[in-house]
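First comes the structure, then the notes that go with it.
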Amino acid sequence: MDKQRQIWYRFTNDREQLNVDCVDILSKCYLMLGQKPDTEQIVMMSKLLVDDLSRYYGSMEMEEVMFAFEQGIRHSDSGGFVNVRNWNIWLKEYKAKANLKRQQRQLTDYQKDREGQRLINETINKAKRLK
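Taking this note's numbering, the leading residue of the sequence shown gets 1371, the next gets one more, and so forth.
Structural data, given as structure tokens:
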């Protein structure tokens, strides 16, 4: 895992981009849920998210956070709303599953998803070259 992509590193060295990424994640989540919060609400929520990520999930990467949010919205019983409680549930669920997979020397769900995306892109690129 690349330390420069981890949240603690980004919080220390590139907090502005971390803030932007959190706004993007929250905006995407609201879109997935069909909700339309105002800009002020998203900005305030993103500050809370940056704080939670830096305090409790510093070893994760932003791509993992987005994956955990997507899984939480799609599959969790508490997936209907974006709020501090729910995103902590989503992140804790993801982190617990990922840690268990790592202990068992298996790929995490995020790693499987990333590998699947890589294979799909590779297949598409091969098909484009055949034309």
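Note that the Cβ used here is the ideal one computed from N, Cα and C, for glycine as well.
Does the Cβ-Cβ distance between residue i and residue j come in under 7 Å?
| i | j | result |
| --- | --- | --- |
| Met1430 | Ile1377 | yes |
| Asn1389 | Val1435 | no |
| Met1402 | Ile1443 | yes |
| Thr1478 | Ala1466 | no |
| Cys1392 | Ser1424 | no |
| Tyr1427 | Leu1470 | no |
To the nearest whole angstrom, what separates the beta carbons of residue i and residue j, a pair I think is in contact under 8 Å?
| i | j | result |
| --- | --- | --- |
| Phe1439 | Ile1412 | Actually they are not in contact, since the Cβ atoms of Phe1439 and Ile1412 sit about 14 Å apart, beyond 8 Å. |
| Val1454 | Tyr1400 | Actually they are not in contact, since the Cβ atoms of Val1454 and Tyr1400 sit about 15 Å apart, beyond 8 Å. |
| Asn1458 | Asp1422 | 7 Å |
| Tyr1464 | Gln1441 | 6 Å |
Could you spell out where the alpha helix (DSSP H) holding residue i opens and where it closes?
| i | result |
| --- | --- |
| Val1420 | Thr1409 to Tyr1426 |
| Phe1451 | First-last for Phe1451: undefined, no H or E at that position. |
| Gly1442 | Met1432 to His1445 |
| Arg1385 | Arg1385 to Leu1403 |
| Thr1493 | Asp1479 to Leu1500 |
Give the DSSP bridge partners of residue i, in chain order.
| i | result |
| --- | --- |
| Gln1376 | Glu1431 |
For the ligand COA, is there a heavy atom less than 6 Å away from the beta-carbon of residue i?
| i | result |
| --- | --- |
| Arg1488 | Annotation note on the ligand COA: not contained in the displayed structure, which lists no ligands. |
With a cut-off of 8 Å, do at least 3 Cβ pairs link the stretch 1444 to 1452 to the stretch 1482 to 1491? Contact fails between the stretch 1444 to 1452 and the stretch 1482 to 1491, because fewer than three Cβ pairs, one in each stretch, are under 8 Å apart.
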